[in-house]
Amino acid sequence: QICTIVHTSSKMNRVNNMQQLVSLALTYKSAYVYGGYVRDTIIRSDHDKVNDIDIRFEDEEELYHFMDILKVVYGNKFENHGIVYDYHEIFKFDVHKLNIDGIDMDISILKDDSSSRPEIDFTCNIFGFNKDGIFLHCDKPKESMVSHNFFIDMFDLT
Numbered sequence: 001q002i003c004t005i006v007h008t009s010s011k012m013n014r015v016n017n018m019q020q021l022v023s024l025a026l027t028y029k030s031a032y033v034y035g036g037y038v039r040d041t042i043i044r045s046d047h048d049k050v051n052d053i054d055i056r057f058e059d060e061e062e063l064y065h066f067m068d069i070l071k072v073v074y075g076n077k078f079e080n081h082g083i084v085y086d087y088h089e090i091f092k093f094d095v096h097k098l099n100i101d102g103i104d105m106d107i108s109i110l111k112d113d114s115s116s117r118p119e120i121d122f123t124c125n126i127f128g129f130n131k132d133g134i135f136l137h138c139d140k141p142k143e144s145m146v147s148h149n150f151f152i153d154m155f156d157l158t
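Residue 56 in the numbering used here sits at position 56 of the sequence shown, with consecutive numbering throughout.
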């Protein structure tokens with residue numbers, strides 16, 4: 001599958017490049033995509049609005065293997081801007097900030113032994129997407145998020 005990745009730099013192919021990156025990530029059992037990418041491409045079908053790709057891995061070995069593959073495939077178009085440490089409620093995440101051929105990616109892994117998932121901070125983070133389809137990305141969305149405004153935001157009902 002890696003050999004079929006074609007990287008181009010034109011704006012017209014940005015959507016294809018993002019889809020290829022997501023497809024590659026979803027070949028890993030523990031990986032899923034969440035955030036604005038899911039909202040804009042899966043729910044709204046508006047690929048032009050996507051700013052970045054957020055991918056979470058539940059297996060650290062898979063995460064580093066994925067990053068190694070990106071380095072090989074994209075060569076000098078692969079930029080690793082380091083790790084930031086992100087906290088939501090009591091949960092700690094390592095977030096690898098990448099840029100692949102002009103596409104910003106946050107590749108994260110939960111650094112906590114808890115079996116529950118954290119509350120989410122933005123409505124676009126409620127849903128995740130993996131090779132099996134779309135799912136609820138959090139155990140309990142904040143009450144304020146599951147409201148009239150949530151549906152306006154998620155489905156672009158303005």
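Where a beta carbon is used, it is the ideal one built from N, C-alpha and C, also for glycine.
Residue environment analysis places D101 among the buried positions, since at least 16 neighbouring C-beta atoms fall within 10 angstroms of its C-beta.
Taking a cut-off of 8 Å on C-beta distances, the region 24–40 touches the region 49–66, as three or more cross pairs fall below it. With 16 or more neighbouring CB atoms inside 10 Å of its own CB, F129 falls in the buried class. Considering only L21, I55, N16, E60, the residue with the shortest C-alpha distance to G36 is I55.
Secondary structure note for D54: its beta strand (DSSP E) is the uninterrupted segment 52–57. Remark: C-beta atoms of D68 and I83 do not approach each other more closely than 8 Å.
In the DSSP assignment, S108 forms a beta bridge with R56, V95.
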